[in-house]
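For any residue, its number in my numbering is found by taking its place in the sequence shown, counting from 1, and adding 346.
Virtual Cβ for every residue (Gly too), placed ideally from N, Cα, C.
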Amino acid sequence: MFNDLVSENIPMGVILTQDGRILYLNDWGCRFIGYSMDDLKNSPFINLIHPDDQDLLIQRYQNIMAGREQSADSCYRIFSKQGETFWIRFRSKVVQHEGKPALMSFMMDETSGKRQEESLKRSEERYRELVDNLAEMIVVIKGGEICFVNKRLKEEVGMDLQGLGGMSFLEFIHPEDRDMVLDRYLRRIKGEQVPACYDVRLIKPDGQELTCEIRVSLISWEGEPATQTAILDISARRQAEKEKLALEKRLARIEKMESLGLLAGGIAHDFNNILFPIIAISEMLMEDLSPESQEYGNALEIYNAGLRGGDLVKQILSFSRQQDDEKIPVQVQSVLHEVLKLIRSTLPSDIEVIQDIEDNCCAILANPGQIHQVAMNLLTNAYHAVEPSSGTIQVSLRESALNGNQSLRYAVLTITDSGVGIRSEYMDKLYEPYFTTKEAGKGTGLGLAVVYGIIKDHGGDIRIRSEVNKGSTVDVFFPLIGDVASTPSDLPEDYQARGSERILLVDDELPVAKLGHKMLERLGYQVISFTSSAEALDAFQKDPQAFDLVITDMNMPGITGDQLAETLIALRPDIPIIMCTGFSERISPETAKEIGIKGFLMKPVIKSSLSQEVRRLLDQATRVS
């Protein structure tokens with residue numbers, strides 16, 4: 347009867363089971379799984395089903411046989427006789443067979459579709475694994491809302507897709523970048539050409555800001571246009587780039603300072619040779635003039651100016667780190683009075699200088715030229731801040747204990763101006779080399795950098811307070827060393843060490859050689875001078891015992907001072923030699939001593955220093971002999 351109802355030629359399988367056993371399978375079904383009807387007759391149907399699908403089969407079978415389902419539509423994997431696995435869809439319904447309920451099912455091959463589905467699933471899993479392990483955060487945005495995120499993004503924001511789904515991606519964009527991101531998103535969706543890669547700042551839920559590089563591409567998502575965005579956190583890279591740029595700027599500044607140092611060395615040598623005649627002639631003039639005369643006062647001013655010029659050269663060399671700073675007890679009030687005297691002549695009459703200086707302030711251990719430079723720089727800055735309008739500059743000096751601790755006492759120099767003030771965003775940059783807010787021609791940006799370095803080198807501190815359009819106040823703190831004897835006068839000592847010994851003087855600068863010759867003769871010495879080191883060496887070689895002492899310049903053409911000294915010492919080891927130099931990278935008191943040079947003087951040389959050093963070495967040589 348069943349054969350009459352169901353054609354053996356339909357292109358699908360037909361199977362009849364009763365009590366779980368196979369009663370009938372048509373020819374298509376037999377051919378498909380490779381069994382004959384004789385093989386299958388009364389065998390358990392479940393034996394054909396993949397073990398992983400058997401529980402589902404039993405459940406569906408029980409439901410339909412119990413009437414809980416009118417029909418069943420299920421897909422199971424079955425085994426062929428050859429061991430192959432196929433996906434078969436069974437559409438089943440309860441029928442009566444020989445007076446008992448049976449299950450008739452139509453079988454359709456869905457292996458190809460299932461395999462494609464599995465292949466797609468595996469592909470999606472591989473894609474998901476790949477995307478989840480990318481260094482970039484991936485987000486798909488459709489209609490302005492988040493519809494896909496990878497694992498990296500979930501970890502970064504601390505939310506999963508369920509929490510992110512439906513949210514606007516703009517919520518994670520820095521407020522200042524949102525308009526740009528939205529504009530590019532809308533234009534990209536419309537098909538317009540916009541940058542595919544650019545930087546943007548993201549804000550995490552915890553408020554942390556990230557600098558990110560994003561790469562955006564237009565895709566189709568569920569049949570609609572969407573964007574896929576790869577986000578790479580480049581915060582560390584950008585920070586490294588900033589640090590690299592800062593380092594490059596610092597290196598450029600160092601190179602500039604090295605160039606300045608080389609220039610300073612050349613200036614020092616030439617300028618000291620210029621200063622030497624100024625100081626030497628003014629000294630000799632003062633020796634010949636009455637201290638009560640106007641001419642003596644003029645010579646004294648020239649002498650003091652020459653000494654300040656020498657200090658300036660020392661500061662240039664110190665700033666370029668080519669000379670160590672000698673520190674002595676200094677009365678800051680004396681330096682301040684001198685600086686104020688100098689600067690008053692440059693101030694317009696409508697700028698008032700108010701001073702409140704304690705004249706009994708204790709001394710500090712310092713380089714006097716550098717303290718002069720600090721005061722001059724700060725007063726010049728105050729003057730520039732006040733001009734071109736009228737105003738006031740207040741200068742005070744007082745002693746103060748740090749936090750009430752009397753053992754930590756400081757000389758506090760305070761300079762207050764009524765000028766334009768300093769904007770708050772500039773306060774952190776004030777001590778950077780080459781930073782300046784002054785107009786062209788009024789500053790290089792080195793002033794406060796130099797001041798800061800000097801103060802710190804002296805164990806002090808500097809504090810600046812400022813208010814725009816109201817003015818600035820600078821407090822400088824120098825540690826005190828207590829009471830000291832009053833500083834010696836700038837005048838040469840009345841006593842000049844004299845003698846009658848024979849001296850060989852060598853300097854390639856004719857004015858320097860002539861003045862040195864005259865100074866030594868005034869002290870009573872017999873002097874032979876040369877402007878050529880080769881000629882001086884020739885004279886010494888002819889009669890090494892003809893001289894009791896040699897004074898030589900360092901930087902000379904042909905034979906330099908150190909080379910000349912080495913040759914002279916080789917000819918006569920006991921000869922006392924004094925090296926004079928304005929600046930040289932090759933020679934220092936230490937290296938000179940290693941050669942055998944017993945005296946060392948820095949130009950410009952004053953007569954008292956020269957006389958004392960000459961006498962010291964001659965007396966020393968006499969004692970040794």
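Item	Value
DSSP three-state assignment for Arg-811, whether helix, strand or coil	strand
For Pro-857, the first and last residue of its enclosing beta strand (DSSP E)	Per DSSP, Pro-857 belongs to no beta strand (DSSP E); it is in the alpha helix (DSSP H), 856 to 868.
Per DSSP, the bridge partner or partners of Leu-711	Pro-675
Span of the beta strand (DSSP E) around Arg-848	848 to 852
Segment contact flag, the stretch 578 to 595 with the stretch 818 to 828, C-beta cutoff 8 Å, min 3 pairs	no
Euclidean distance between Cα positions of Ser-846 and Gly-870	5 Å
Met-630 and Lys-953 closer than 9 Å at C-beta	yes
Gly-862 CB to nearest heavy atom of the ligand ADP below 8 Å	As presented, the structure is devoid of all ligands, the ligand ADP included, so that no description of it is given.
Through-space distance from Arg-769 to Asn-901, alpha-carbon basis	48 Å
Three-way DSSP call (helix, strand, coil) for Arg-367 in this model	strand
Own chain, CB closer than 6 Å to Ala-645, minus 5 neighbours either side, in chain order	Ser-628, Leu-631, Met-632
Burial state of Thr-431, where buried means 16 or more other Cβ atoms lie within 10 Å	exposed
Range of the contiguous alpha helix (DSSP H) that encloses Ala-542	No alpha helix (DSSP H) holds Ala-542; DSSP gives it neither H nor E.
When Ser-812, Tyr-777, Val-814, Gly-817 are compared against Lys-802, the one with the closest alpha-carbon	Tyr-777
For Gly-787, three-class secondary structure by DSSP	Reliability fails at Gly-787, whose pLDDT of 45 lies under 50, so the model's placement of it is uncertain and the value that follows must be treated cautiously. If DSSP states are grouped into helix, strand and coil, Gly-787 belongs with coil.
Coil, strand or helix - Ser-832 by DSSP	Low local confidence applies: a pLDDT of 41 at Ser-832 is under 50, so the model's placement there is unreliable, and no value is given.
Per DSSP, the bridge partner or partners of Trp-374	Bridge partners of Trp-374: none, in fact.
DSSP-derived helix/strand/coil call for Pro-903	coil
Element boundaries [alpha helix (DSSP H), containing Phe-436]	Counting along the chain, Phe-436 falls outside any alpha helix (DSSP H), though it belongs to the beta strand (DSSP E) covering 431 to 443.
Burial state of Gly-643 (16 or more Cβ within 10 Å)	exposed
Met-722 - DSSP class collapsed to helix/strand/coil	helix
Through-space distance from Ile-565 to Ile-577, alpha-carbon basis	16 Å
Assigned exposure category for Ile-921 - 16 Cβ within 10 Å defines buried	buried
Minimum C-alpha distance to Gly-767 - residue among Glu-538, Asn-815, Ile-395	Asn-815
Beta-carbon separation (whole angstroms), Ala-731 vs Asp-763, contact threshold 8 Å	5 Å
Identified DSSP bridge partners for Phe-876	Val-852
Opening and closing residue of the alpha helix (DSSP H) in which Met-513 lies	That residue, Met-513, is in no alpha helix (DSSP H); it is neither H nor E in DSSP.
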